[in-house]
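Q: Here the sequence shown stands for residues 16 to 253, where the numbers follow this note's numbering. Could you have a look at this structure, given as structure tokens, before my questions?
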Amino acid sequence: MKNYTPEEQKNIFAKNLNNLIYLTGKQQKEVAKDLGMSPTTFNTWCMGKVIPNPTKLNKLCIYFNCKLTDLVDDKSQNNEKIDYIYDLLTENHWECNEYCHCEENINCPLSEDDMIDKWVNAKFFTACENCNYQKSYFLITNSSNETYKLEENDIFELYDKITSYIKFIIQEKISTLDILKENEFDEQGILTDYMLTNAAHEKKNISDEAKQTEEQQIQEQMQKEIAKRNAMISDTES
């Protein structure tokens, strides 16, 4: 691991601290108030002039709900890991198969027939209930035929870490696509023409409805007049 000078370490701490403040959506003075400290003192931390003592570092960790390494480690060293994860996320056509560690248990009380019943017929055995070898693991193969092994706990941890990111990326792609389509229509004058055409159709529909209503009212009035005349004729004949 690289050894940093005191000044370099202060700058690393300040950069990490400012990033954590940014993620809260608050201003420096608001965070200082939450921590019950002077805004001036807190600003010296953010400027990289001073690194707080261990007690205050622990207080920051509690406030930001982070690890000490999130405050003092050089995050630029993680670029390789970030690139690796990004490459994994951009792969497609993944295949995931579930397995268990049962075959590793040399003291397993189940016979071969029992194992067949367990995996083929989904039969449950009491001996498996508290067996550590019962835990699942997954072999995940991507479109490049690269296979990765993940334990069950790894799956949950991975899910927690990347779900929000994936949802954000998907939403970002959709939003960007919508904007691009709208701009494309607008540039070609298609969007304006479409809106004008729509307005014309709506106006025509309103006119047609009004015309039909008027004709219906005329027919109703004629029927009333005919009924009235027939009634008068009947009275005269009487």
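No residue lacks a Cβ here, since even glycine has one placed at the ideal position from N, Cα and C. Fair warning: this is a prediction, and the values are worked out from it, not measured in the lab.
For residue 81, does the three-state DSSP call read helix, strand or coil?
A: Walking along the sequence shown from the start, residue 81 turns up at place 66. Three-state DSSP puts residue 81 in coil, outside helix and strand.
Q: For residue 165, I'd like the list of residues in its chain whose CB is within less than 6 Å of its CB, leaving aside the five on either flank, ordered along the chain.
A: Taking the sequence shown and counting its residues from 1, the one referred to as residue 165 is at position 150. Cβ neighbours of residue 165 beyond the five flanking positions: 153.
Q: Would the stretch 34–42 count as touching the stretch 74–90 if we require 3 or more Cβ pairs under 8 Å?
A: Yes, since at least three Cβ pairs between the stretch 34–42 and the stretch 74–90 fall closer than 8 Å, the two stretches touch.
Q: Where does residue 136 land, buried or exposed, given buried means 16+ other C-beta within 10 angstroms?
A: The residue labelled residue 136 in the question sits at position 121 within the sequence shown. Exposed is the call here.
Q: Let me know the secondary structure DSSP gives residue 163 once reduced to three states.
A: Counting from one through the sequence shown, the residue named residue 163 turns up at place 148. It is a strand residue.
Q: Would you call residue 171 buried or exposed, if buried means 16 or more other Cβ atoms sit within 10 Å of its Cβ?
A: Here the question's residue 171 lines up with position 156 in the sequence shown. The residue is exposed, with fewer than 16 neighbouring Cβ atoms inside 10 Å.
Q: For residue 47 and residue 53, I'd like the C-alpha separation in whole angstroms.
A: Working through the sequence shown from its first residue, we reach residue 47 at position 32. Working through the sequence shown from its first residue, we reach residue 53 at position 38. If I take the Cα positions, the gap works out to 6 Å.
Q: Going by CA-CA distance only, name the one from 40, 113 and 66 that's closest to residue 134.
A: For this step, residue 134 is matched to residue 119 along the sequence shown. Closest option to residue 134, Cα to Cα, is 113.
Q: Assign residue 142 to buried or exposed, taking buried as 16 or more other Cβ atoms, counted over all protein chains shown, within 10 Å of its Cβ.
A: One-based indexing of the sequence shown puts residue 142 at position 127. So residue 142 counts as exposed.
Q: In angstroms with no decimal places, state the Cα-to-Cα distance between residue 62 and residue 26.
A: What you label residue 62 is simply residue 47 of the sequence shown in a count that begins at 1. What you label residue 26 is simply residue 11 of the sequence shown in a count that begins at 1. If I take the Cα positions, the gap works out to 8 Å.
Q: Please report how far the alpha carbon of residue 55 lies from the alpha carbon of residue 177, in whole angstroms.
A: One-based indexing of the sequence shown puts residue 55 at position 40. One-based indexing of the sequence shown puts residue 177 at position 162. Take the alpha-carbon of residue 55 and the one of residue 177: they are about 37 Å apart.
Q: Have a look at residue 21 and residue 121 and give me their C-alpha separation to the nearest angstrom.
A: The sequence position of residue 21 within the sequence shown is 6, counting from 1. The sequence position of residue 121 within the sequence shown is 106, counting from 1. In a straight line, the C-alpha of residue 21 is about 54 Å away from that of residue 121.
Q: Please tell me whether residue 109 and residue 157 are closer than 7 Å, where the distance is taken between their beta carbons.
A: Along the sequence shown, one-based indexing puts residue 109 at 94. Along the sequence shown, one-based indexing puts residue 157 at 142. Result yes, Cβ atoms of residue 109 and residue 157 sit closer than 7 Å.
Q: If contacts are defined as beta-carbon pairs under 8 Å, then residue 115 and residue 150 qualify, I think. What distance do you get, rounded to the angstrom?
A: What you label residue 115 is simply residue 100 of the sequence shown in a count that begins at 1. What you label residue 150 is simply residue 135 of the sequence shown in a count that begins at 1. The Cβ separation is near 7 Å, so the contact holds.
Q: Could you check what DSSP says for residue 28 in three-state terms: helix, strand or coil?
A: Working through the sequence shown from its first residue, we reach residue 28 at position 13. Here residue 28 sits in helix by DSSP.
Q: I'd like to know whether the C-beta atoms of residue 28 and residue 87 end up nearer to each other than 7 Å.
A: Residue numbering aside, residue 28 sits at position 13 when the sequence shown is read from its first letter. Residue numbering aside, residue 87 sits at position 72 when the sequence shown is read from its first letter. Inclusion of residue 28 and residue 87 in the CB contact set at 7 Å is warranted, their separation being smaller than that value.
Q: What first and last residue would you give for the alpha helix (DSSP H) that runs through residue 131?
A: For the purposes of this step, residue 131 is identified with residue 116 of the sequence shown, where counting begins at 1. Counting along the chain, residue 131 sits inside the alpha helix (DSSP H) bounded by residues 127–135.
Q: To the nearest angstrom, report how far apart residue 128 and residue 117 are at their CA atoms.
A: By 1-based counting over the sequence shown, the position of residue 128 is 113. By 1-based counting over the sequence shown, the position of residue 117 is 102. Each residue's alpha carbon lies about 14 Å from the other.
Q: Out of curiosity, what's the CA-to-CA distance linking residue 73 and residue 83?
A: Taking the first residue of the sequence shown as position 1, residue 73 is located at position 58. Taking the first residue of the sequence shown as position 1, residue 83 is located at position 68. For residue 73 and residue 83, the distance between alpha carbons rounds to 7 Å.
Q: Could you check which residue in 111, 19, 85 and 140 has the C-alpha nearest to that of residue 160?
A: Here residue 160 is taken as the residue at index 145 of the sequence shown, counted from 1. Per the Cα distances, 111.
Q: Can you check DSSP and say which residues form a bridge with residue 170?
A: Against the sequence shown, residue 170 aligns to sequence position 155. Residue 170 pairs with nothing; no bridge assigned.
Q: Can you tell me which of the three DSSP states residue 122 falls into?
A: To locate residue 122, count along the sequence shown from 1; it is residue 107. Here residue 122 sits in coil by DSSP.
Q: Across which residues does DSSP place residue 111 in a beta bridge pair?
A: Against the sequence shown, residue 111 aligns to sequence position 96. For residue 111, which the question treats as bridged, DSSP gives the partners 155.
Q: According to DSSP, is residue 67 helix, strand or coil?
A: The residue given as residue 67 occupies position 52 in the sequence shown. Coil, per DSSP.
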